[in-house]
Amino acid sequence: MSWELVVGMEVHAQLATRTKLFCGCAAAFGGAPNSRVCPVCLALPGSLPVLNRAALTMGLRLCLALGCTVPEATAFDRKSYFYPDLPKNFQISQEHACLGTDGRLRIELEGRTKEVAIANVHLEEDAGKLAHPEGGGTTSDVDLNRAGTPLAEIVSAPELYSVAEADAFMRALRELLVGLGVCDGKMQEGSLRFEASVSVRREGQGLGPRVEIKNLNSMRAVRQAIAFEHARQRAVLDGGASLVQETRLWDGEDARPWAEDVPEETVRALLPDGARGKTLRMRGKEDAADYRYFPEPDLPVYPIARDWLEQLRNSQPELPAARRARLREEHGLPAHDARQLAADPTLCAYFEEAAALAPAREVAHWLLNDLASLCKERDLPLAACPVRPSALAALLGLLEAGRITRAIARQNVLPRMFEGADPERVVAEEGLAVVDDEDALAAAIAALLDARPDIASAFHEGRTQVVGFVIGQVLRGVGQADARLVRRLALEALEARG
Amino acid sequence: MQAFLAVDADGLRAAAGALDERRARGEECGALAGIPVAIKDNICTRGLVTTAGSKMLAGFRPPYDATVVARLRAAGALVVGKTNLDEFGMGSSCERSAFFPTRNPWDLERVPGGSSGGSAAAVAAGMVPVALGSDTGGSLRQPAALCGLTGLKPTYGRVSRSGLIAFASSLDQIGPLARSARECARLLEVIAGHDPRDATSLDRPFSRTEPASLEGLRLGYPREFRAVRTEPAVQRRVDEAVEVLTAQGARCVPVTLPHLDLALATYLVLANAEASSNLARYDGVRYGHRAACDDLAKMTARSRAEGFGAEVKRRICLGSFALSAGYHDAFYRRAQAARALIAEDFAAAFENVDCLVGPTCPVPAFPLGERTQDPLSMYEVDVFTIAPNLAGLPALSLPCGATRDGLPVGLQLIGPRFCDARLLAIGESFQAATAFHEACVPLETP
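Protein sequence lines correspond, in order, to chains A and B. Going by this note's numbering, the first residue of the first sequence is number 612, and it counts up by one from there. Going by this note's numbering, the first residue of the second sequence is number 75, and it counts up by one from there.
Right, here's the structure in full:
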């Protein structure tokens, strides 16, 4: 009998508002330490929080996208603990009247879909950052630029039963957040943070103690940590010992020593070779802080009018999953292209504009391949691409009309368009147009065959491959031409000289 | 007497000079042009040391003015300096200041009341005509009563708390201290009104109303107030004051506040719970006193141990306890429920009366040191003033005479929410018929 893995996720997403949650400081990444602070986010004496309404709106959009129940009114609470990165030594969060509850997220993996319950979504302010001195030293530095940044905390039910499901959950949530425009999803900048809660159980029985894992800085770390923790819990139980509810730290670099009863090798034996990293005990349940939650007296209760909620619902941006389906069905795009376009609102908007003027499948293909790589070469984000959708559509029009070949379009015309050139102009100026004048081609073929009677002879002796030579010569001489047309004319001419 | 912690002589002269220039140029100078104002030292003044009466903030210079200070300055008032208070507003005698106690100008061996003792003493002694105080459970009204002044705690939300060093967020209000109700009204006009920096401030602009006849005014002296043990001289002055009002046409109506006996306990739980949280920010990390230490946890603990006085520590402990797991429901939640009951009592009372009346403080100014050994005996002096804070109601203290020893006595009027103008108008009518507010501290030749 095996120990089933059960995972729940707690996610913190920084909302993409212009300013912080309770003051007017800019909410941005980086900057000189303590350069984006004010009396409120510094918690100077006498300072008071004032809610950033944009954060409330973004939070509500998230709740609607997750199908949450939204209460008649939402309110904030104080969550108290002492830490130097928390200026007030309490965090303004939500506990008794969260923004949304009882939602769900659909995840896709291995050809199946599954709905994962979302326990709640709530708003809270982020803490600042501590910088500890390298190589020892007796002081740490506190940077409060991040303190007060709005966060949406999303808590799932413990309904993920494998690393793959956890991974699918993270991807789906990230896609939703970015697709809504509510979070930029940059884990490396800390805009999106995941914490996993891992426990095990025998099939059909109750959950074992919950272990929270912190310090997961990438999706890869999350996957590795869940796998390790699953192995550790199994190793402990199989060895006859018991588990405790605790918080553990992910040590991805194996920088710290193992100091637990169950030997590390026993755990590693349950993991694939070369798996690195481990979870380490941080604190137990008995050390867990009593947060002394109580309603934030400096902020009023915020009513959420039902008609406002309806307005938001009716103006929700199209979510990636819905968009994927629409791109596949309405535009007939292959699943892979649909997925890529749906994941990026800017890209998708570009696509839609161009697809109104040119065949959708072609637009998608060129956009995702040629245009994307040219943009990347020039280090340009797509939003700054000088080739507008209408210009791309024009290029594709030329292609479809057979005026130019794919190779010419890709290699000669598109790059020039990056410099602002008009595709028609480029084709005309550089003589890139496909010659489709049959008479001209026939004349060229005739001239060649006249000059080289051995070609016709070879053809009629059975060496039909010489037609390739004829095509090659003609193309070299004439420039761009439709090879199939040249082949037809060449064959006709060769036949006639038999 | 030591009413002031800091006097900003340079700033004062500069502001006065600038005002003179504006006046010379014929420019608009503001409703309070040239009027010297003292500011209680828990209200932030830009660039001027603001200590909240605590060693924790000794030397702290705020980079901004509290909204009320900015409004006063914009109206041409001249900030004279910062007045003494019980540390972080926690006290009823001004003896809990970390620096020194302020003495009552009427009798230097007695307290001026607290926590706005310095502001009250400064006005009563004639150093400034008006001052700002703050009131969480009576901290402005009680010193007004003990110093023979008029003091108003406005309806909660009427005056911005931005820049007021927080004690209990849902109870604190800034208000005016002056000799007369009319002056209080003028000051309130300048400082009241919505502030985008304070999410609890309400959009209810205040303007003084002309006093009208008191004919038909229904006064209620709550039965439960009468049951509180009050010094006989105080009771006599208060009864006489009620007679002045009835002589002007008011009539007394029986009224009851059945849950008044819960007020003190409710206040002690809620005010201290909020305070324990509001004072958590004083950890020596960003500003304020920092103990020398090379371990973080010890640094915070030591900074707080060194920076806070005994009464502050007592209240933080009580407040944290009331919020803690296992006790939260029994104390904090219960107190919130009691608070709602008290507010309902007032609402019910105001269906039958226009204004509640009674003493502001059960005793006159008491000797320094008399109540400092027994915290509960100190909390008891707030028994009449606490309930209006819990219900967010406006409350006014008017001077109504003195004891045989010449110690002032205060009459408290409590009105429904947003009836600040009416209360002040009643006060003005009372002061038109009496001269208690004109009594001056006798000047003794040294």
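All residues carry an ideal CB built from backbone N, CA and C; glycine is no exception. If you're wondering where the values come from, they're calculated on a predicted model, not measured in any experiment.
Output, in sequence order along the chain, the residues in the segment 374 to 394 of chain B whose CB is closer than 8 Å to any CB in chain A. Shown in chain order are the members of the segment 374 to 394 of chain B whose Cβ falls below 8 Å from a Cβ of chain A: T374 and S394.
In three-state terms, what does DSSP make of N178/B? Here residue 178/B refers to the residue found at position 104 of the second sequence. In the structure shown, N178/B falls within a strand segment according to DSSP collapsed to helix, strand and coil.
Short CB-CB distance (under 8 Å) between I239/B and chain A: Position 165 of the second sequence, counted from the start, is the residue given in the question as residue 239/B. Residue-level contact by beta carbon holds for I239/B and chain A, with a gap shorter than 8 Å.
Nearest by alpha-carbon distance to G155/B: which of V185/B, S166/B, D272/B and S193/B is it? In the second sequence, counting from the first residue as 1, residue 155/B sits at position 81. Relative to G155/B, the option among V185/B, S166/B, D272/B and S193/B whose CA is nearest is S193/B.
Span of the beta strand (DSSP E) around L710/A: Residue numbering aside, residue 710/A sits at position 99 when the first sequence is read from its first letter. Under the DSSP assignment, L710/A falls outside any beta strand (DSSP E); it carries neither an H nor an E label.
So, with DSSP's three-state summary, where would you put N346/B? On the second sequence, position 272 is the one that residue 346/B refers to. Of the three classes helix, strand and coil, the one that applies to N346/B here is helix, per DSSP.
Comparing the C-beta of G657/A with each C-beta of chain B, is any distance below 8 Å? As a first step, residue 657/A is located in the first sequence; it is residue number 46 there, counting from the start. Interface annotation, G657/A: in contact with chain B, CB-CB separation under 8 Å.
Helix or strand or just coil, what does DSSP make of F962/A? Numbered from its first residue, the first sequence carries residue 962/A at position 351. F962/A carries a helical assignment under DSSP once its states are collapsed to helix, strand and coil.
Fully enclosed by the segment 420 to 453 of chain B, which beta strand (DSSP E) runs are 3 residues long or longer? The segment 420 to 453 of chain B contains these whole beta strand (DSSP E) runs: 429 to 433.
Let me know if Q1022/A comes out buried or exposed under the rule of 16 or more other beta-carbons within 10 Å of its beta-carbon. Locating residue 1022/A in the first sequence gives position 411, counting from the first residue. Burial check for Q1022/A: the Cβ neighbour count within 10 Å stays below 16, so the residue is exposed.
Same chain only: Cβ atoms within 7 Å of L467/B, ignoring 5 sequence neighbours per side: Indexing the second sequence from 1 puts residue 467/B at position 393. The answer, listed in chain order, is T229, F420, I488, G489, P490 and R491.
Distance check for A384/B and S171/B, CA to CA, integer angstroms please. The sequence position of residue 171/B within the second sequence is 97, counting from 1. The sequence position of residue 384/B within the second sequence is 310, counting from 1. The alpha-carbon atoms of S171/B and A384/B are separated by roughly 11 Å.
Using 8 Å for Cβ pairs, my map puts N828/A next to P644/A. What's the rounded Cβ distance? By 1-based counting over the first sequence, the position of residue 828/A is 217. By 1-based counting over the first sequence, the position of residue 644/A is 33. Rounded, the Cβ-Cβ distance is 20 Å, inconsistent with contact.
With DSSP as the reference, label F162/B as helix, strand or coil. Working through the second sequence from its first residue, we reach residue 162/B at position 88. Here F162/B sits in helix by DSSP.
How many Å lie between R848/A and Q247/B at the Cα? As a position in the first sequence, residue 848/A is number 237, starting the count at 1. As a position in the second sequence, residue 247/B is number 173, starting the count at 1. For clarity, residue 848/A is Leu in the given sequence; the question names Arg instead. If you take the alpha carbons of L848/A and Q247/B, they lie about 59 Å apart.
Mind checking whether N346/B and R378/B have CB atoms under 8 Å apart? Translated into the one-based positions of the second sequence, residue 346/B becomes position 272. Translated into the one-based positions of the second sequence, residue 378/B becomes position 304. Not closer than 8 Å, so no.
Given this structure, state the Cα-to-Cα distance separating A218/B from E907/A, to the nearest angstrom. Position 144 of the second sequence, counted from the first residue, corresponds to residue 218/B. Position 296 of the first sequence, counted from the first residue, corresponds to residue 907/A. Between A218/B and E907/A, the alpha-carbon positions lie close to 31 Å from each other.
Can you list the residues of chain A that R232/B reaches, using a CB-CB cut of under 8 Å? Locating residue 232/B in the second sequence gives position 158, counting from the first residue. Within 8 Å of the CB of R232/B, no CB atom of chain A is found; the nearest one sits about 15 Å away.
How about L472/B and T224/B: are their beta carbons less than 8 Å apart? On the second sequence, residue 472/B is found 398 positions in, with the first residue counted as 1. On the second sequence, residue 224/B is found 150 positions in, with the first residue counted as 1. Contact flag set, yes.
N- and C-terminal bounds of the alpha helix (DSSP H) containing R972/A: On the first sequence, position 361 is the one that residue 972/A refers to. That run of the alpha helix (DSSP H) goes A971 to W977.
Quick one: is H363/B buried, meaning 16 or more other Cβ sit within 10 Å of its Cβ, or exposed? To locate residue 363/B, count along the second sequence from 1; it is residue 289. So H363/B counts as buried.
Quick check on DSSP: helix, strand or coil for N871/A? Stepping through the first sequence from its first residue, residue 871/A is reached at position 260. For the record, residue 871/A in the displayed sequence is Glu; it is not Asn. Three-state DSSP puts E871/A in coil, outside helix and strand.
Listed in chain order, which residues of the segment 654 to 680 of chain A have Cβ atoms closer than 9 Å to some Cβ of chain B? Within the segment 654 to 680 of chain A, the residues whose Cβ lies closer than 9 Å to some Cβ of chain B are A654, L655, P656, G657, S658, L659, P660, V661 and L662, listed in chain order.
Could you pull out every unbroken alpha helix (DSSP H) segment of at least 4 residues lying fully inside the segment 881 to 962 of chain A, listed in chain order? Fully enclosed alpha helix (DSSP H) runs of 4 or longer: 917 to 925, 931 to 942 and 946 to 954.
Check each residue of the segment 347 to 359 of chain B: if its Cβ is closer than 7 Å to any Cβ of chain A, include it; give the result in chain order. For the segment 347 to 359 of chain B, which is checked against every Cβ of chain A, the residues closer than 7 Å are A347, E348, S351, A354, R355, D357 and V359.
For G104/B and T680/A, the rounded distance between their alpha carbons: The residue given as residue 680/A occupies position 69 in the first sequence. The residue given as residue 104/B occupies position 30 in the second sequence. Approximately 52 Å between the Cα atoms of the pair.
For P285/B versus A506/B, is the C-beta distance shorter than 8 Å? As a position in the second sequence, residue 285/B is number 211, starting the count at 1. As a position in the second sequence, residue 506/B is number 432, starting the count at 1. In terms of Cβ geometry, P285/B and A506/B form a close pair [threshold 8 Å].
Rounded distance between the beta-carbons of A439/B and V185/B, thought under 8 Å: Position 111 of the second sequence, counted from the first residue, corresponds to residue 185/B. Position 365 of the second sequence, counted from the first residue, corresponds to residue 439/B. Cβ-Cβ separation between V185/B and A439/B: approximately 6 Å, consistent with a contact (criterion under 8 Å).
Tell me whether the beta-carbon of A842/A lies closer than 8 Å to the beta-carbon of M620/A. Here residue 842/A refers to the residue found at position 231 when the first sequence is read from its first residue. Here residue 620/A refers to the residue found at position 9 when the first sequence is read from its first residue. No, these two residues do not count as a Cβ contact at 8 Å.
Quick check: the Cα distance between L734/A and R934/A, rounded to an integer number of angstroms? Position 123 of the first sequence, counted from the start, is the residue given in the question as residue 734/A. Position 323 of the first sequence, counted from the start, is the residue given in the question as residue 934/A. Going by C-alpha positions, L734/A is about 27 Å away from R934/A.
Nearest CA to the CA of P296/B: which residue from A98/B, N426/B, D494/B and G484/B? Counting from 1 along the second sequence, the entry for residue 296/B is found at position 222. With distances taken between Cα atoms, P296/B lies closest to N426/B.
In angstroms, rounded to a whole number, what distance separates the CA positions of A846/A and L616/A? If you number the first sequence from 1, residue 846/A lands on position 235. If you number the first sequence from 1, residue 616/A lands on position 5. A846/A and L616/A have their C-alpha atoms roughly 13 Å apart.
So who's on the other strand from E736/A, going by DSSP bridges? As a working note, residue 736/A is residue 125 in the first sequence. P761/A, per the DSSP bridge assignment.
Under 7 Å between beta-carbons, which chain B residues line up against P911/A? List them in chain order, please. Here residue 911/A refers to the residue found at position 300 when the first sequence is read from its first residue. Contacts between P911/A and chain B, judged by CB atoms closer than 7 Å, involve A273 and T274 in chain order.
CB contact flag (V318/B, F504/B, <8 Å): Residue mapping note: residue 318/B aligns to position 244 of the second sequence, counting from 1. Residue mapping note: residue 504/B aligns to position 430 of the second sequence, counting from 1. Against a cut-off of 8 Å, the Cβ pair of F504/B and V318/B comes out as a contact.
Status (buried if at least 16 other CB within 10 Å, exposed otherwise) for D456/B: Looking up residue 456/B in the second sequence gives position 382. Looking at its Cβ environment, which holds 16 or more other Cβ atoms inside 10 Å, D456/B is buried.
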